[in-house]
Every structure is written in structure tokens, then in C-alpha cells.
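A.B. asks: Structure in C-alpha cells, see below.
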Amino acid sequence: MEYSIDHHADAIIVRVEGRVDESSWEAFGAALSEAIGQARDAGIGDLVIDLASLDYMSSRGLRALTVAKRQADGEEIRIWLASPNEVMREILAISRYDKLFTITETVEVKR
Amino acid sequence: MLVRFWGTRGSLPVAPTAGTIRRKIAEALVAANGKSFADADEAERFITAELGFAQGATYGGATPCVELEAGGSYFICDMGSGLRPFGLDSIRRNGEGHRKTYNFFLSHLHWDHIMGFPFFAPAFDPTATIRIHSAHPDAEDALRRQQEEISFPVPFDWLRADIEFIQLDPGEPYEIDGVRVETARQQHSHVSYGYRFTDRDGRTAVYSTDSEHKPDNMEDEAAFIDFFRQADLVICDTMYSLADSVSMKEDWGHSSNLVAIDLCHEAQAKSLALFHHEPTYEDKDIQRMHEESIRYEELTRNGPPLEVICAYDGLEVRV
Numbered sequence: 000m001e002y003s004i005d006h007h008a009d010a011i012i013v014r015v016e017g018r019v020d021e022s023s024w025e026a027f028g029a030a031l032s033e034a035i036g037q038a039r040d041a042g043i044g045d046l047v048i049d050l051a052s053l054d055y056m057s058s059r060g061l062r063a064l065t066v067a068k069r070q071a072d073g074e075e076i077r078i079w080l081a082s083p084n085e086v087m088r089e090i091l092a093i094s095r096y097d098k099l100f101t102i103t104e105t106v107e108v109k110r
Numbered sequence: 000m001l002v003r004f005w006g007t008r009g010s011l012p013v014a015p016t017a018g019t020i021r022r023k024i025a026e027a028l029v030a031a032n033g034k035s036f037a038d039a040d041e042a043e044r045f046i047t048a049e050l051g052f053a054q055g056a057t058y059g060g061a062t063p064c065v066e067l068e069a070g071g072s073y074f075i076c077d078m079g080s081g082l083r084p085f086g087l088d089s090i091r092r093n094g095e096g097h098r099k100t101y102n103f104f105l106s107h108l109h110w111d112h113i114m115g116f117p118f119f120a121p122a123f124d125p126t127a128t129i130r131i132h133s134a135h136p137d138a139e140d141a142l143r144r145q146q147e148e149i150s151f152p153v154p155f156d157w158l159r160a161d162i163e164f165i166q167l168d169p170g171e172p173y174e175i176d177g178v179r180v181e182t183a184r185q186q187h188s189h190v191s192y193g194y195r196f197t198d199r200d201g202r203t204a205v206y207s208t209d210s211e212h213k214p215d216n217m218e219d220e221a222a223f224i225d226f227f228r229q230a231d232l233v234i235c236d237t238m239y240s241l242a243d244s245v246s247m248k249e250d251w252g253h254s255s256n257l258v259a260i261d262l263c264h265e266a267q268a269k270s271l272a273l274f275h276h277e278p279t280y281e282d283k284d285i286q287r288m289h290e291e292s293i294r295y296e297e298l299t300r301n302g303p304p305l306e307v308i309c310a311y312d313g314l315e316v317r318v
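For the protein sequence lines, the chains are A and B, in the order given.
Heads up: the first sequence begins at 0 in numbering that gives the first Met the number 0, then just goes up one per residue.
Heads up: the second sequence begins at 0 in numbering that gives the first Met the number 0, then just goes up one per residue.
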């Protein structure tokens with residue numbers, strides 16, 4: 000798994016590439032925590048996780064999202080999941096995580 | 000090793016209503032579309048071939064009780080309401096010469112996992128031997144308490160079988176009537192324990208129910224991967240969706256189908272039986288959960304395929 004964190008005017012974008020599974024969930028969780036910290040420090044209220052280049056995420060990755068959401072909620076930062084591929088859409092539906100997170104088609108989010 | 004499921008539902012026993020049965024019959028008649036059948040056997044072949052499991056059968060509603068045919072004596076995991084039909088069936092087998100020794104292994108002492116024992120007919124047989132294995136030191140207290148007069152009309156002391164309580168230490172291997180048994184601590188209210196059974200042929204079945212895998216304890220899952228390692232069959236608590244297990248059902252002590260599949264993938268287990276079904280789920284809900292689990296396994300497979308089966312009352316799995 001590779002990732003990058005970019006600052007936009009109104010959101011922090013975390014781009015994730017590859018797979019989030021048993022070998023990479025810890026790095027993924029650390030990246031999200033880092034991004035939440037950056038959003039907090041910059042006074043930005045939206046964190047967008049760009050899934051366009053993500054192959055899939057196992058339950059480890061999904062639960063890392065939950066840990067990140069709890070941290071983000073404490074900082075009043077909203078997490079969005081953007082541009083999931085067809086596999087991720089299925090996984091989000093099967094896990095019912097599409098009920099826990101807002102899924103958007105692009106990284107441009109509007110509250 | 001043959002694994003036989005006598006009870007697969009969590010929390011409390013359930014049964015389909017008259018309306019549910021009528022609906023199944025109506026849908027089956029519609030599916031038959033005017034076809035005639037020579038006899039009941041032909042009709043059953045049609046059901047097997049043309050109807051889904053939820054439509055043509057039922058996952059059942061008895062609470063946990065799983066039997067392993069792994070040696071000369073009986074091996075039973077938990078004493079849910081499914082223990083009653085097992086007990087009656089064992090009496091039939093005893094009449095055919097089966098040894099009357101019952102080795103029980105308790106995951107924990109919550110009522111859905113012990114409620115069948117007051118109805119366990121062999122417990123009244125003075126020639127039967129009952130060994131109740133548990134890592135809990137208070138297993139006997141729990142069983143005696145549920146048969147106190149305020150709760151049940153037949154006191155524990157009226158049971159005539161030779162009953163022995165044996166405490167197990169987690170992490171220690173035991174040889175019991177030709178089967179190697181190991182137990183591992185799990186996260187659940189008042190703690191629960193999983194069991195790993197290996198027979199003389201090296202066939203392994205793992206019973207891991209009522210075990211919560213929380214998002215902030217994922218680094219502890221290495222112990223479960225080791226406990227499940229290369230098992231022929233892993234029976235797992237898959238009561239909730241992953242989303243429910245981390246939100247409204249967090250700390251309820253149960254797990255999800257996705258976590259069970261991921262653990263089994265990492266452990267290179269061969270088969271997973273989805274178990275401890277949510278009591279509010281109808282058969283179609285459980286079937287949907289099973290189909291989604293099969294799909295998730297396909298999407299995330301990174302090695303040999305894991306067979307995902309869905310436990311139901313009456314299922315037999317040979318490993």
C-alpha cells in the first residue's frame with residue numbers, strides 16, 4: 000500500500016494505492032491518524048479518502064477506518080470515502096460500511 | 000471427523016411462525032408452476048434442485064450445540080437448546096452400542112450456551128458418564144444455579160449420571176479419549192473460550208463462538224490466526240455485519256462474517272462455518288449473509304480458496 004496526503008483549501012485528501020490488508024492496515028491507520036492531525040492543525044473540517052487507486056480493503060482496513068472515524072469525530076472532522084472501484088463498492092455494501100460512511104463519486108465534497 | 004450441528008442460533012431459541020411456513024409453501028408452489036410430482040421424494044428432489052435453502056428449508060432456531068464424532072466417546076461443544084435433541088439421539092445410539100461417555104466443552108456460561116442441560120436426558124442415566132470441561136472455574140455454579148427451584152423444577156442433585164467438572168488451562172494441550180484439545184481465551188462478557196480439536200488422523204476442527212474482535216485490538220488477532228492454523232473446519236461467531244459489530248453492537252461480544260473470513264484466510268484454514276446466527280434474522284436474511292460471505296471471500300482471496308458454509312440445525316460436515 001502507498002499513500003499521499005494533500006492539502007486543498009477545504010479538505011485534506013488521502014490518496015491510497017494498492018491493498019489494505021493484514022500486511023498494511025497498520026500503516027493505513029497511521030496515515031489516517033496523521034491526516035486527521037493535519038486537518039485539525041489547519042482548521043479543516045473534511046478529510047477525503049480517495050479510493051480510486053485502491054484494489055480492495057479487508058476487514059482490517061475497514062476497522063482501521065472506524066478507529067480513524069472515532070479520532071476524527073473527536074476533532075469534529077468528517078471523513079468521506081471517494082471514488083471506490085467496483086470491488087470496494089461491493090465490500091462497502093457487504094460490510095454495511097456504506098451505512099457508516101458517506102461515499103462520493105469524486106474528491107470534491109460538499110457538506 | 001464428523002461435525003454435527005444441533006443448535007446454531009445465538010441468544011435465544013427461535014421458531015418460524017405459521018405465517019412464515021405458509022409463505023414458504025406458497026412460494027414453493029409458485030416455483031413449481033403447475034408441475035406434478037409422483038411422490039414426496041420427487042417433490043423433495045425438486046426442492047433441492049430448484050429452491051434456495053431459505054425457501055425450501057430452514058437454518059433452524061436452537062441455541063449452540065455442536066457434536067464432534069472424533070473418538071469412541073461423545074464430544075459436544077456447548078449445551079444450548081440443541082442439546083435436547085442430541086441427548087435423545089444419543090440414547091438411540093447408546094442402544095446400538097455407543098459408549099455412554101459424554102465429554103462437554105463449554106465456551107462460556109451464558110444462558111443460551113447452557114440452557115439445554117436441564118433437558119439432557121442422559122443426565123438421568125446412572126450408567127452414563129458426563130465430563131464437563133471448562134476453563135471457567137464457576138461452570139458448576141452456573142449449571143446448578145439454573146436448576147434452582149426459582150428457575151426450574153428439577154434440581155441438579157436429582158441427576159443420576161456420574162458428573163465431573165474438569166477445569167482446563169488455556170494454552171495447555173490435553174489428550175481426551177484420543178483427541179487433542181486446546182483452548183484459548185476470547186473476548187466476551189465473563190470471558191469465553193475457543194476450542195481446537197485434533198483427532199488421531201490429524202483432522203482439526205476449531206470452535207470459536209462468542210468472540211469479539213474489536214477495532215482497537217487488531218494486533219491481538221495473531222493469536223487467533225495461530226489457533227485457527229490450517230484447520231480443516233473453523234466454526235465462528237458471525238452474528239453481525241461488520242458495521243453493526245463496530246457501532247451499535249460494539250461490546251456485545253460477537254463478531255462478523257468478514258472478520259472470520261479474514262482470520263481463516265490468514266490461518267490457511269480450509270473451511271469456515273458461519274455460526275451463532277442473530278435470532279431476529281429470518282432464513283432469507285441468513286441466506287443473504289451466506290451469499291455475501293462467499294462473495295467477500297472471492298473478492299479478498301489471496302491464496303487457496305476458503306470454503307464458506309452456513310451452519311444450520313442438522314448440518315453434518317465431514318472433515
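By construction, the Cβ of each residue, glycine as well, lies at the ideal position given by its N, Cα and C atoms.
For a minimum of 4 consecutive residues, which ranges assigned as the alpha helix (DSSP H) are wholly contained in the region 36 to 72 of chain B?
C.D. replies: 39 to 49 and 52 to 55
A.B. asks: For B:LEU142 versus B:ILE113, is the C-beta distance shorter than 8 Å?
C.D. replies: Between B:LEU142 and B:ILE113, the gap from beta carbon to beta carbon is short of 8 Å.
A.B. asks: Applying a beta-carbon distance threshold of less than 8 Å, which residues of chain B neighbour A:VAL86?
C.D. replies: LEU298, listed in chain order.
A.B. asks: On the CB-based measure, 16 or more other CB atoms within 10 Å of its CB, does B:LYS34 come out buried or exposed?
C.D. replies: exposed
A.B. asks: Unbroken alpha helix (DSSP H) runs of length 4 or more, entirely within the region 113 to 174 of chain B: which are they?
C.D. replies: 138 to 144
A.B. asks: Taking 8 Å as the threshold (C-beta atoms), are A:GLY73 and A:VAL19 in contact?
C.D. replies: no
A.B. asks: Residues of the region 70 to 86 of chain A in Cβ contact with chain B at a cutoff of 9 Å, in chain order, please.
C.D. replies: VAL86
A.B. asks: To the nearest angstrom, how far is the alpha carbon of B:LEU50 from that of B:GLU171?
C.D. replies: 46 Å
A.B. asks: Hey, is A:LEU99's beta-carbon within less than 8 Å of any beta-carbon in chain B?
C.D. replies: For A:LEU99, the answer is yes, since a Cβ of chain B falls inside 8 Å of its Cβ.
A.B. asks: Rounded to the nearest angstrom, what separates A:LEU46 and A:ASP54 at their Cα positions?
C.D. replies: 20 Å
A.B. asks: Just the chain A side, please: which residues come within less than 9 Å of B:ASP261 by C-beta, in chain order?
C.D. replies: ASP20, GLU21, SER57, SER58 and ARG59
A.B. asks: Within the continuous alpha helix (DSSP H) that includes A:VAL86, where are the two ends?
C.D. replies: Secondary structure note for A:VAL86: its alpha helix (DSSP H) is the uninterrupted segment 85 to 93.
A.B. asks: Among B:VAL245, B:HIS275, B:LEU271 and B:ILE75, whose alpha-carbon lies nearest the alpha-carbon of B:ASP231?
C.D. replies: B:LEU271
A.B. asks: With DSSP as the reference, label B:GLY221 as helix, strand or coil.
C.D. replies: The residue asked about is misnamed: residue 221 of chain B is Ala in this sequence, not Gly. In this structure, B:ALA221 counts as helix in the three-state DSSP scheme.
A.B. asks: Would you tell me roughly how many angstroms separate the C-alpha atoms of A:ASP40 and A:ILE76, rounded to the nearest one?
C.D. replies: CA-to-CA, the gap between A:ASP40 and A:ILE76 works out to about 11 Å.
A.B. asks: In chain A, which residues lie less than 8 Å from B:PRO214 when you measure between Cβ atoms?
C.D. replies: Residues of chain A whose Cβ lies closer than 8 Å to the Cβ of B:PRO214 are, in chain order, ARG62, ALA63, THR65 and VAL66.
A.B. asks: Report yes if the C-beta distance between A:MET1 and A:GLU16 is below 8 Å; otherwise report no.
C.D. replies: It is worth fixing the name first, because residue 1 of chain A is Glu in this sequence and not Met. Taking 8 Å as the Cβ cut-off, A:GLU1 and A:GLU16 qualify as a contacting pair.
A.B. asks: Taking Cβ positions, are B:TYR73 and B:ALA134 nearer each other than 8 Å?
C.D. replies: no
A.B. asks: In chain order, what residues of the same chain lie with their CB nearer than 7 Å to the CB of B:LEU262, ignoring the 5 residues before and after it?
C.D. replies: GLU220, PHE223, ILE224 and PHE227
A.B. asks: So B:PHE196 is in the beta strand (DSSP E); what residue range does that whole segment cover?
C.D. replies: 191 to 197
A.B. asks: Which stretch, first to last residue, makes up the beta strand (DSSP E) that contains B:GLN185?
C.D. replies: 178 to 185
A.B. asks: Taking CB distances under 8 Å as the criterion, tell me whether A:SER52 reaches chain B.
C.D. replies: Answer no: the Cβ-Cβ gap between A:SER52 and chain B never drops below 8 Å.
A.B. asks: So B:TYR239 and B:TYR58 are supposed to be a Cβ contact under 8 Å. How far apart are they, rounded?
C.D. replies: With a Cβ gap of about 16 Å, B:TYR239 and B:TYR58 do not count as contacting.
A.B. asks: Assign B:TYR239 to one of three DSSP states: helix, strand, or coil.
C.D. replies: strand
A.B. asks: Check each candidate in B:ARG317, B:PHE119, B:GLN185 and B:TRP110 and name the one with the smallest Cα separation from B:ASP200.
C.D. replies: Checked all of B:ARG317, B:PHE119, B:GLN185 and B:TRP110; the closest Cα to B:ASP200 is B:ARG317.
A.B. asks: Below 6 Å CB to CB, which residues in the same chain sit around A:MET56 once its five sequence neighbours on both sides are set aside?
C.D. replies: VAL19
A.B. asks: B:LEU82 lies in the alpha helix (DSSP H); which residues open and close that run?
C.D. replies: Residues 82 to 94.
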